[in-house]
Amino acid sequence: MPGALVVLEGAEGVGKTTQLIRLAARARDAGIEVDVVREPGGTPLGDEVRRLLLDAPLHIVPRAEALLFMASRAQLVDDMIRPSLEAGRVVLTDRFFLSTYAYQIVGRGLDEASIRMTNQFATAGLVPTVTLLIDLPPGAGVSRAAARSAPDRLERSGDAFHHRVALAFREFATEAWQLNHPECGPIALVDGSGSEQDVEDRIWDRLGHVDPETFRVVRGSHSGT
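In terms of the numbering used here, the sequence shown is residues 688 to 912.
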């Protein structure tokens, strides 16, 4: 399939959403056609699921939560991601399966085999070109996230939950770049410390190594933003 699916991942407060915006701008400046999506969301159905999962005053059991995330993913893959890839575009997404692993399997304690099978069904076997895992020292991301206003339902899930989630991301961070995960593709670790520009440059370096055909034109460029 032409095009490239680039996933940005990380625990709360690592700066992935900021980097997604910067990456998209830098790629467009270089003449690369880019679409930006997020999970959950990105489609009318996904946006409604996002509202239910994050903002609605509902009690949602872990299995239902996982299935809602998967419903949003299935719609996003079919409506947005696959058509963009088939058109030769780069798709940047804020979260994908690695977040499912961290939040639903480790954080909520759901059965890994069941979740992986459900993900395969939701994505029809789609695997990212690369998953970029932005990593910060333990506690640094939590401090950043705590400074944000109006936490959503997941952010209010408690310290023990977020500790498990952070450990799950760290588990991948210790082995990142060597992995070719069946749901995530190659996982590239990115040091999230320093300035936003520093992190952006590290991400471009990783992309240039994973997919030089697509990203060679922007390696070494500088957005200046």
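Every residue gets a Cβ at the ideal spot worked out from N, C-alpha and C, and that includes glycine.
Distance, Cα to Cα, Val-694 vs Thr-818?
Looking at the two C-alpha atoms, the distance is approximately 5 Å.
C-beta atoms of Phe-856 and Ala-789 nearer than 7 Å: Yes.
**Request:** Answer yes or no: do Ala-711 and Val-723 have a C-beta to C-beta separation smaller than 7 Å?
**Result:** Their beta carbons are under 7 Å apart, which means Ala-711 touches Val-723 by this criterion.
### Nearest residue (CA-CA) to Thr-816, options Ala-717, Gln-884 and Phe-784
Ranking the options by Cα distance to Thr-816, first place goes to Phe-784.
* Could you check if Ser-771 is buried or exposed, using at least 16 other CB atoms within 10 Å of its CB as the buried criterion? => The residue is buried, with at least 16 neighbouring Cβ atoms inside 10 Å.
I need the straight-line Cα distance from Leu-894 to Thr-780, nearest angstrom please. Taking C-alpha positions only, Leu-894 is separated from Thr-780 by approximately 14 Å.
Discussion item. Closest to Val-752 by C-alpha separation, out of Gln-706, Ile-802 and Gly-775, would be which residue?
Written reply: It should be pointed out that residue 752 corresponds to Glu in this sequence rather than to Val. Measuring from the Cα of Glu-752, the nearest candidate turns out to be Ile-802.
Exercise. Can you check whether the CB of Gly-733 is closer than 7 Å to the CB of Gln-762?
Worked result: Yes, the pair counts as a contact, with Cβ atoms nearer than the cut-off.
Check your understanding: What does DSSP give as the partner residues of Glu-696 in its beta bridges?
Key -> Paired residues: Leu-820.
Any chance you could list the beta strand (DSSP E) runs of at least 3 consecutive residues sitting entirely within the region 697-766, in chain order? List check, beta strand (DSSP E) in window: 721-725.
In three-state terms, what does DSSP make of Phe-902?
-> It is helical.
Nearest CA to the CA of Asp-892: which residue from Gly-702, Arg-713 and Leu-745? Considering only alpha carbons, the answer is Arg-713.
From the DSSP output, in three-state form, read off Asp-878 for me.
It is a strand residue.
Open item on the list: Rounded to whole angstroms, what is the Cα-Cα separation between Val-778 and Arg-760?
Closed with: Distance between Val-778 and Arg-760, taken at the CA atoms: about 14 Å.
Mapping DSSP to helix, strand and coil, what is Gln-807?
-> Collapsing the DSSP output to three states places Gln-807 in a helix.
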